[in-house]
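Numbering (the working numbering), first residue to last: 154 to 353.
What follows is a short report on a single structure.
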């Protein structure tokens with residue numbers, strides 16, 4: 154069944170506030186009759202609700218914009234230990250950490266699913282820091298699995314989009330005209346606007 158999409162909400166962390174999110178909003182904004190909004194919070198994610206709690210924020214955004222479609226990206230700030238209610242520390246990638254993170258991702262997705270919003274969760278691209286990379290790959294995997302539990306959710310795997318021909322991290326790539334362009338920021342995490350356009 155084909156959906157009629159009139160309003161789109163793009164939401165997430167710095168990946169949405171810069172680079173990819175900017176490029177996506179610009180691209181979608183070119184389409185007639187499509188109302189596109191973009192909201193987010195720097196340095197936020199699902200690991201530290203004590204710093205920023207995403208579920209009530211997303212609920213507020215869904216109520217405010219009433220979107221037909223939600224494009225989300227989170228996780229770049231989440232490669233850190235989780236302290237549960239009993240102040241027990243769960244190390245990144247451990248069984249307890251994975252369970253809690255998956256539950257939080259599902260809670261977020263359910264908010265949109267319950268409103269019958271079409272959800273596209275954009276996975277994070279390959280990262281350039283050795284210890285950080287497998288953590289982010291793990292987060293992508295957890296979210297992709299969580300997404301399968303919701304009929305309206307589609308996970309978009311972007312891991313190789315900004316990789317080189319060998320599938321390795323690269324700061325520069327050739328565009329369609331063969332020109333070398335910078336696709337990643339100096340921190341080897343964030344994407345430039347050009348990198349964001351390739352993801353789009």
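Think of the CB as a built atom: it goes at the ideal place given N, C-alpha and C, for glycine as much as any other residue.
Here the alpha carbon of residue 185 sits roughly 32 Å from the alpha carbon of residue 258.
Secondary structure note for residue 250: it is in no beta strand (DSSP E), and the uninterrupted alpha helix (DSSP H) holding it is 248-266. For residue 283, there is no enclosing beta strand (DSSP E), as DSSP marks it with neither H nor E. Looking at the DSSP output, residue 306 shares a beta bridge with 272. Three or more beta-carbon pairs drawn from the segment 220-230 and the segment 158-166 are found closer than 8 Å, and the two stretches are therefore classed as touching. Per DSSP, residue 164 lies in no alpha helix (DSSP H) segment; the continuous beta strand (DSSP E) that holds it begins and ends at 160-165.
Between residue 155 and residue 327, the alpha-carbon positions lie close to 36 Å from each other. By the neighbour-count criterion, in which 16 or more other beta carbons inside 10 Å mark a residue as buried, residue 247 falls on the exposed side.
With fewer than 16 other Cβ atoms inside 10 Å of its own Cβ, residue 267 counts as exposed. In this structure, the beta-carbon distance from residue 165 to residue 226 falls below 8 Å.
The residues 162 and 218, in chain order, have a CB closer than 6 Å to that of residue 190 in the same chain once the five nearest residues on each side in sequence are set aside. The residue among 276, 286, 299 and 346 with its C-alpha nearest the C-alpha of residue 310 is 276.
With contacts defined as CB atoms closer than 8 Å, residue 272 and residue 322 fail to qualify as a contacting pair.
By the beta-carbon neighbour count (other beta carbons within 10 angstroms, threshold 16), residue 194 is buried. Assignment of residue 323 by DSSP, reduced to helix, strand and coil, places it in the coil class.
A straight line joining the alpha-carbon of residue 170 with that of residue 192 spans about 7 Å.
Between residue 349 and residue 176, the CB-CB gap stays under 8 Å. Nearest to residue 304 by alpha-carbon distance, out of 263, 206 and 233, is 263. Around the beta-carbon of residue 337, 16 or more other beta-carbon atoms lie within 10 Å, marking it buried.
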